[in-house]
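Structure record follows, encoded as structure tokens.
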Amino acid sequence: MTNPSGSTAVWRRRVFWLSVVVLVAVQQYSGFWDSRTLVLDFLPAPLFYQVVVSLLAVVLWWVGTVVAWPDDVPSGANDAEVGGEMASREDGS
Amino acid sequence: MTQLGIITGYLVLLLGLGALAARMSRGTSRDFLLASHSIGPVLLLMSLFGTTMTAFALVGSTGKSYQLGIGVYGLMASSSGIVHSLCFFVIGVKLWKLGQKHGYTTQVEYFRDRLGSHAFGYLLFPVLVGLVIPYLLMGVLGAGAVINGVTQGTFEELFESADHGVPSWLGSLVICLVVLGYVFTGGMRGTAWANTFQTTVFMVLGVVTFVVIASEIGGGDSFLESLQGATARVLESHPEKLVMKPHPLFFLSFLLIPLSAGMFPHLFQHWLTARSASAFKLPVIVHPLFILIVWVPCVMVGAWATAAVVDGQQVFATAPKNVNTVLPIMVAKVAGPVLSGLLSAGILAAVMSSLDSQFLCLGTMFTNDIVLARRDESRQVDDARVVQLARWFIVAIVAVTYLLSLGTPAAIFDLGLWCFAGFSGLVPLVLAALYWRRLTLCGATASVVAMVVTWLGLFLGDMGGYPPDPRYRFFEMLPVAAIVVVPTLVLVVVSLLTRPPDDSVLDKFFPRKTQAQRSDR
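Those sequence lines, one after another, are chains C and D.
If you count by our numbering, then the first sequence holds residues 826 to 918, one letter each, in order.
If you count by our numbering, then the second sequence holds residues 30 to 550, one letter each, in order.
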């Protein structure tokens, strides 16, 4: 996978953080709160709605780790060396 | 008696795990406290999740759902799925990096360095310890309630006041001793292992519990029919438990409660155990899913409990004396002794997987922030002595917590709201420290004082004794709204009114961007 150019990466990040705000707004939406509908005849609609929000959060955070991982923190295998190096130093090895 | 045997066997197994971890130890205090920064993504996920899912999540959520209905999931679980991962993302990764670079072990070490003030640590330390105690109290109360709930009726001649089960005070005491045992022997590595093991246990057994309870009280031929049957009973007698009716602003203020994860001292310590920054990715992504897996069954069981009938008798013909016992009583009523014992061990696993991290963290804070804070760098530190001091401090705090648990049993959910509100009130401070160059020592100090004053003012004020119900409304919101907003305003205003921090301090935490990086933007 090629790295996106600087401006593309910035836009991706902005869209991602905007999506987080939208997800919070979706979580707060009260349209289904007093619905008496039972999904599959057992799961109350207000609870089902909040379960969907949880699943959307999983997807959104996965996207976030791809497009919005902090610049100054290595995201690949190389950063394992930072921890490994630290551990070795502390052990005196 | 079978349940007791299984629970005892499980506790012995945990002690064995601690002993095994001790054999892997490198013998240094750094290894005891941070597992030598060797924890990978899976262990990090399990230990972070196990640590944040407490008695609050299992025992508290079921009890609260029994009282309020399924809306509890929206109030706490779906919001936690968003906000906890947000905290890992914007606070955890950044603090991990600073911890690696500058060798921090505790929050106080970071803030002392960032604000250029040793004295600030002496302000923050008691505030953090003071907030961890009610957090511990939730676990201790939850453990006692679970053991009492599943053993009621076991001793025909004994413990009449505890409905002939193991009294809560005894159950809580045993759990405290076992957790102390494996934390002392295994340190952070033992804790991370135990957390992973226990998180697996409580998630698997949690799902089993849900299936067993649904099948028993739903009474259908298939699992789906059982689910439908269990919900249908609630629909007939307590339909209000299947809808949500909070005031929108009240609901909004619940978003601030999971923000507390950003300042939990034990989470900070777990973050620092990560082997690499990328180890955070798995917890960030999967955390909301794990919350869903644990909370949905608990919330459904709590709602079902309001109308559950077993062997022709209503499980709760009258409301239970202690709402924390709803889940264990449901387990005891519907499962056979063996399964009931296993399921109870699963619930205890969730409780203990938080207590252990908190115990260890308290010891780390005491030794690093108080005992070693003014040490002469040129003198050799006696590692064995450091670990010993950590252990004594842990024992002292656990003893205080245990004594508090002997008082009036608090509803765990309500106790949690107060405890988490305090930590949430400190989150503006850590966010400002990480992202705002203009934060000053005076602003940070005033913010902590403002949080404490606001929290105490609301808690001790017109709240109705100990433990107060969160009846307070500020524009229809929970106390946490005021506990977050007031310190934030104080932090910003005082920082802007006082002299900006020196560049020498800021350069350490906010590396200047190169020309190339600036033009890239």
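C-beta: ideal position from N, C-alpha, C; glycine also.
Small disclaimer: the values here were computed from a predicted structure and weren't measured.
query = Using the beta-carbon of each residue, which ones in chain D are nearer than 9 angstroms to residue 844 of chain C?
reply = Within 9 angstroms Cβ-Cβ: nothing; residue 844 of chain C doesn't reach chain D, min ~11 angstroms.
ask   = Are the CB atoms of residue 222 of chain D and residue 46 of chain D nearer to each other than 9 angstroms?
value = yes
ask   = Which chain D residues sit within Cβ distance under 7 angstroms of residue 838 of chain C?
value = Those do not exist, as residue 838 of chain C stays about 11 angstroms from chain D at its closest Cβ, beyond 7 angstroms.
task = Going by DSSP, name the residue or residues bridged to residue 167 of chain D.
result = DSSP output for residue 167 of chain D lists no bridge partner at all.
query = In the structure shown, what three-state DSSP assignment does residue 865 of chain C receive?
reply = coil
query = Three or more C-beta pairs closer than 8 angstroms, one from the segment 868-877 of chain C and one from the segment 264-277 of chain D: is that the case here?
reply = yes
ask   = Is the Cβ of residue 847 of chain C closer than 9 angstroms to any Cβ of chain D?
value = no
ask   = According to DSSP, is residue 338 of chain D helix, strand or coil?
value = strand
request  = In angstroms with no decimal places, state the Cα-to-Cα distance between residue 105 of chain D and residue 324 of chain D.
outcome  = 9 angstroms
request  = Please go through the same chain and pick out, in chain order, the residues whose beta-carbon is closer than 7 angstroms to the beta-carbon of residue 306 of chain D, but skip the five residues on each side of it.
outcome  = 122, 125 and 126
query = Helix or strand or just coil, what does DSSP make of residue 298 of chain D?
reply = helix
task = Rounded to whole angstroms, what's the CA-CA distance from residue 522 of chain D to residue 432 of chain D? Just pull it up for me.
result = 41 angstroms
ask   = Buried or exposed: where does residue 540 of chain D fall if 16 or more other Cβ atoms within 10 Å of its Cβ makes it buried?
value = exposed
ask   = How many Å lie between residue 260 of chain D and residue 327 of chain D at the Cα?
value = 14 angstroms
key: For residue 292 of chain D, the first and last residue of its enclosing alpha helix (DSSP H)   = It is not in any alpha helix (DSSP H) - residue 292 of chain D carries neither H nor E in the DSSP assignment.
query = Between which two residues does the alpha helix (DSSP H) carrying residue 181 of chain D extend?
reply = Neither: residue 181 of chain D is in no alpha helix (DSSP H) and is coded neither H nor E.
inquiry  = Let me confirm a value: residue 142 of chain D is counted as buried when at least 16 other C-beta atoms fall within 10 Å, else exposed. Which label applies?
reply    = buried
message = In the DSSP assignment, the alpha helix (DSSP H) including residue 845 of chain C goes from what residue to what residue?
response = 831-853
ask   = Can you list the alpha helix (DSSP H) stretches of 4 or more residues lying completely in the segment 409-464 of chain D, in chain order?
value = 412-434, 441-453 and 456-464
query = What did DSSP end up calling residue 506 of chain D once you bin it into helix, strand or coil?
reply = strand
request  = Figure out for me which residue from D:140, D:184, D:295 and D:113 has the closest Cα to the Cα of residue 388 of chain D.
outcome  = D:295
Residues of its chain near residue 92 of chain D, where Cβ-Cβ distance is below 6 angstroms and the 5 sequence neighbours each way are ignored = 352, 353 and 355
ask   = Hey, how far is the Cα of residue 360 of chain D from the Cα of residue 144 of chain D?
value = 51 angstroms
query = Within 9 angstroms (strictly less), CB to CB, does residue 100 of chain D reach chain C?
reply = yes
ask   = By Cβ distance, which residues of its chain are closer than 6 angstroms to residue 378 of chain D, with the 5 residues on each side in sequence left out?
value = 227, 230 and 231
ask   = Checking contacts by CB at 9 angstroms: is residue 890 of chain C closer than that to chain D?
value = yes
ask   = With C-beta atoms as the reference, is residue 357 of chain D less than 9 angstroms away from residue 204 of chain D?
value = no
ask   = Is it a yes or a no for the segment 441-459 of chain D touching the segment 279-296 of chain D, going by three-plus beta-carbon pairs under 8 angstroms?
value = yes
task = Please work out which residues of its chain come closer than 7 angstroms, Cβ to Cβ, to residue 393 of chain D, disregarding the five sequence neighbours upstream and downstream, and give them in chain order.
result = 62, 134, 135, 298 and 419
inquiry  = In this structure, how does DSSP classify residue 364 of chain D when only helix, strand and coil are distinguished?
reply    = coil
request  = May I ask you to report which of helix, strand or coil DSSP gives residue 106 of chain D?
outcome  = helix
ask   = How many whole angstroms separate the CB atoms of residue 332 of chain D and residue 94 of chain D, which I take to be in contact at a CB cut-off of 8 angstroms?
value = 5 angstroms
inquiry  = Could you pull the DSSP bridge partners for residue 257 of chain D from this structure?
reply    = For residue 257 of chain D, which the question treats as bridged, DSSP gives no partner whatsoever.
inquiry  = Any C-beta of chain C within less than 9 angstroms: which residues of the segment 271-289 of chain D qualify?
reply    = 271, 272, 273, 274, 275, 277, 280, 281 and 284
key: Assumed close pair residue 153 of chain D, residue 477 of chain D - CB separation to whole angstroms, cut-off 8 angstroms   = 6 angstroms
key: is_contact[residue 140 of chain D, chain C] using C-beta, thresh 9 angstroms   = no
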